[in-house]
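Heads up: the structure comes next, in structure tokens.
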Amino acid sequence: MAYTLSIVKEQIVEEVKNSIEKAITKGEFTLSELPEILLETPREKQFGDFSTNIAMQLPKLTKKAPRFIAEEIVSNFDKSKTEVEKVEIAGPGFINFTLKSGWIYSILKDIKEMSNDYGKTDYGKGRKVNVEFISANPTGPMHMGNARGGAIGDGMAKVLYWSGYEVVKEFYINDAGNQIEKFGQSLEARYLQVNGVEVEFPEDGYKGEDITIHMNEFTQIHGNKYVDYDSRERREIFIAYALEKNIEKIKEDLGGYGIEYDVWFHESSLYETDEVAKIVKELSDRGHTYEKDGAIWFKATDFGCEKDDVLVRNNDVPTYFAADIAYHVNKLRTRGFDWSIDVWGADHHGHVARMKAALDAIGLSGDKLDVIIMQLVRLVRKGETARMSKRQGNMVTLSDLIEEVGKDAARFFFNLRSPESHFDFDLDLAVEESNDNPVFYVQYAHARISSILRQLEEDLSNVDVDYTLLDTDEEKELIRILAELPYEIITAVEKMDPSRITRYAMDVASNFHTFYNACRVRTDDKKLMKARVELVKSVRIVLKNVLVILGIKAPERM
RNA sequence: GUGCCCGUAGCUCAGUGGAUAGAGUGGCAGACUUCGAAUCUGUUCGUCGGGGGUUCGAAUCCCUCCGGGCACGCCA
Numbered sequence: 099m100a101y102t103l104s105i106v107k108e109q110i111v112e113e114v115k116n117s118i119e120k121a122i123t124k125g126e127f128t129l130s131e132l133p134e135i136l137l138e139t140p141r142e143k144q145f146g147d148f149s150t151n152i153a154m155q156l157p158k159l160t161k162k163a164p165r166f167i168a169e170e171i172v173s174n175f176d177k178s179k180t181e182v183e184k185v186e187i188a189g190p191g192f193i194n195f196t197l198k199s200g201w202i203y204s205i206l207k208d209i210k211e212m213s214n215d216y217g218k219t220d221y222g223k224g225r226k227v228n229v230e231f232i233s234a235n236p237t238g239p240m241h242m243g244n245a246r247g248g249a250i251g252d253g254m255a256k257v258l259y260w261s262g263y264e265v266v267k268e269f270y271i272n273d274a275g276n277q278i279e280k281f282g283q284s285l286e287a288r289y290l291q292v293n294g295v296e297v298e299f300p301e302d303g304y305k306g307e308d309i310t311i312h313m314n315e316f317t318q319i320h321g322n323k324y325v326d327y328d329s330r331e332r333r334e335i336f337i338a339y340a341l342e343k344n345i346e347k348i349k350e351d352l353g354g355y356g357i358e359y360d361v362w363f364h365e366s367s368l369y370e371t372d373e374v375a376k377i378v379k380e381l382s383d384r385g386h387t388y389e390k391d392g393a394i395w396f397k398a399t400d401f402g403c404e405k406d407d408v409l410v411r412n413n414d415v416p417t418y419f420a421a422d423i424a425y426h427v428n429k430l431r432t433r434g435f436d437w438s439i440d441v442w443g444a445d446h447h448g449h450v451a452r453m454k455a456a457l458d459a460i461g462l463s464g465d466k467l468d469v470i471i472m473q474l475v476r477l478v479r480k481g482e483t484a485r486m487s488k489r490q491g492n493m494v495t496l497s498d499l500i501e502e503v504g505k506d507a508a509r510f511f512f513n514l515r516s517p518e519s520h521f522d523f524d525l526d527l528a529v530e531e532s533n534d535n536p537v538f539y540v541q542y543a544h545a546r547i548s549s550i551l552r553q554l555e556e557d558l559s560n561v562d563v564d565y566t567l568l569d570t571d572e573e574k575e576l577i578r579i580l581a582e583l584p585y586e587i588i589t590a591v592e593k594m595d596p597s598r599i600t601r602y603a604m605d606v607a608s609n610f611h612t613f614y615n616a617c618r619v620r621t622d623d624k625k626l627m628k629a630r631v632e633l634v635k636s637v638r639i640v641l642k643n644v645l646v647i648l649g650i651k652a653p654e655r656m
């Protein structure tokens, strides 16, 4: 999967290295270690196709002026080994390369050959990575924060896959622990109320209407016979019933949101297999725990954390933290993932350091875990921010959102900003201006191309393709953007930010629309027309691939 | 109080050591007898939160202060 662009860049980097070595051989300067040579694309066209700042990196190491070094590199640079036409020194010591005009056209050949795979690389070398996201509590429906996590997590999984990783998408079902207890108490109270028994509702219980609905339906099916049951027993029955319903609903909603998981991992399974107890014992055996006030503590402070944390409470019930350690050990050791990426809300950021510390303590490197912390979504309604709480039951659910703004818009919108940006979701605006949503801008470009290709049915198969006819600024600029796709995807992986792909999509669409208004595809000049048809086809491939990554439809008509 | 995230155009955000800080949106002025005007073109808009420092060069790195969010539990 060697793309034209990477070959062209590599040649230049190699030749810059050679030039520096030649200068050293001639005794112009000395250098113990050569820093990495980076080629960047200059903002201004006048500075050529690529530039490097290497001459400005070297003064410290060589004790020579940057311009002197730049001149040495340029005078030793052998253009014939590259696609370079012109080398210039500019500003404080930039070396700017202008390429021969024909080089970009082979990008179009790359795209045509790889088609639906264009953009894929072997960057990840098949390393196994687990992406865990949303992992909403199954005690109720998913909310807008989960929607953001879903768009980010699924997008992240896609760019990893496109970069040559072996990816597993996973949902961690928190079906154990304290909140399940509360869930059971809430269900029980509603059941009794539904059946005419006056009881007080638990103060910190789940107040959402969904709890009552569950128990209404349950009563219709099973009647009121549980009124006289043992409390503990009936709670378990209610929990099992409602949990299954909720998980079903979560799967259904996520299907409507375009997200399919490979693995649904039950927290409760970690207790069934005793993995939680085993991991606590393993930490103890390694000497990283102690007892205090009847509880077992993890010595997180030994691993750079600010305070220690409880693993097992004084009532012998393990904490969520203990289960989470067992879960990550299960991912990284039992199942052998090389890398675990979790998407968490900002309210959990304090958990990151101790989680990594625990993995270090267990002898697995905490570096194998990366957590994408996304800032919380704040809901704005009628200009006012609304607090959302599952227990208060006043939230906007994922299915509400999809119903109002549509799957594509929601997916696009939640991947518009980088995860760490604070995000105000103005519901009124999203509903009211849904036609102005940028998702349509990108989809429109795809539909427009499809329309063009539908209409240009004239048989051009006898005409040879001559890409060099595509020589306007708009055409060349468009081709350059198309060439970036594989690197944009890799950058999204490196920065752990799939929203880069959304912005890239808009960039492609924008350049296409500009081209469309400047150049006519249908012309009397059949050779030119053929070349433009091929260009337009390439744009469609890139748009489609990008929309696949984002989980958004690429419509042929709209 | 301590830790983390954020502060860039009227608004929403890119840019995290390079050249004259960019998009979208809004405002203004234009472009369809011609491949889809859900589009395009031009134009307006900046104490990069304030101050100090590091260096050839800082929105970007360091220090400090201000403002907003989150966390600091034997909750998850």
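The first sequence begins at 99 in this note's numbering and counts up by one. Even for Gly, the Cβ is constructed at its ideal location relative to N, Cα and C.
Please report the distance separating the alpha-carbon of residue i from that of residue j.
i           : j           : result
residue 374 : residue 274 : 12 Å
residue 559 : residue 110 : 37 Å
residue 429 : residue 230 : 10 Å
residue 345 : residue 242 : 17 Å
residue 637 : residue 198 : 23 Å
residue 193 : residue 578 : 20 Å
residue 366 : residue 536 : 42 Å
residue 395 : residue 388 : 5 Å
residue 655 : residue 362 : 36 Å
residue 584 : residue 217 : 4 Å
residue 377 : residue 421 : 9 Å
residue 166 : residue 173 : 11 Å
residue 380 : residue 460 : 7 Å
residue 434 : residue 443 : 26 Å
residue 180 : residue 202 : 13 Å
residue 565 : residue 628 : 9 Å
residue 187 : residue 122 : 19 Å
residue 316 : residue 286 : 11 Å
residue 507 : residue 653 : 13 Å
residue 306 : residue 312 : 11 Å
residue 257 : residue 500 : 24 Å
residue 446 : residue 403 : 15 Å
Check this for me: beta carbons of residue i and residue j, under 8 Å apart or not?
i           : j           : result
residue 503 : residue 607 : no
residue 272 : residue 236 : yes
residue 196 : residue 147 : yes
residue 213 : residue 639 : yes
residue 270 : residue 233 : yes
residue 467 : residue 477 : no
residue 419 : residue 455 : no
residue 262 : residue 283 : no
residue 601 : residue 619 : no
residue 561 : residue 635 : no
residue 587 : residue 648 : no
residue 406 : residue 397 : yes
residue 246 : residue 475 : yes
residue 523 : residue 515 : no
residue 594 : residue 423 : no
Can you have a look at residue i and say buried or exposed, based on whether 16 or more other CB atoms are within 10 angstroms of its CB?
i           : result
residue 573 : buried
residue 164 : buried
residue 331 : exposed
residue 208 : buried
residue 323 : exposed
residue 544 : buried
residue 297 : exposed
residue 308 : buried
residue 555 : exposed
residue 432 : exposed
residue 645 : buried
residue 416 : buried
Write down the C-beta distance between residue i and residue j rounded to the nearest angstrom, noting that I regard them as a contact closer than 8 Å.
i           : j           : result
residue 149 : residue 138 : 6 Å
residue 160 : residue 129 : 6 Å
residue 337 : residue 596 : The pair is not a contact, with the Cβ atoms about 35 Å apart (cut-off 8 Å).
residue 240 : residue 351 : 6 Å
residue 609 : residue 575 : 6 Å
residue 355 : residue 248 : 6 Å
residue 102 : residue 178 : No, residue 102 and residue 178 are not in contact; Cβ-Cβ is about 18 Å, not under 8 Å.
residue 61  : residue 227 : With the chain represented from 99 up to 656, any question about residue 61 goes unanswered, as that position is not in the structure.
Segment contact flag, the region 381-397 with the region 282-293, C-beta cutoff 8 Å, min 3 pairs: Contact between the region 381-397 and the region 282-293 is absent, with fewer than three C-beta pairs closer than 8 Å.
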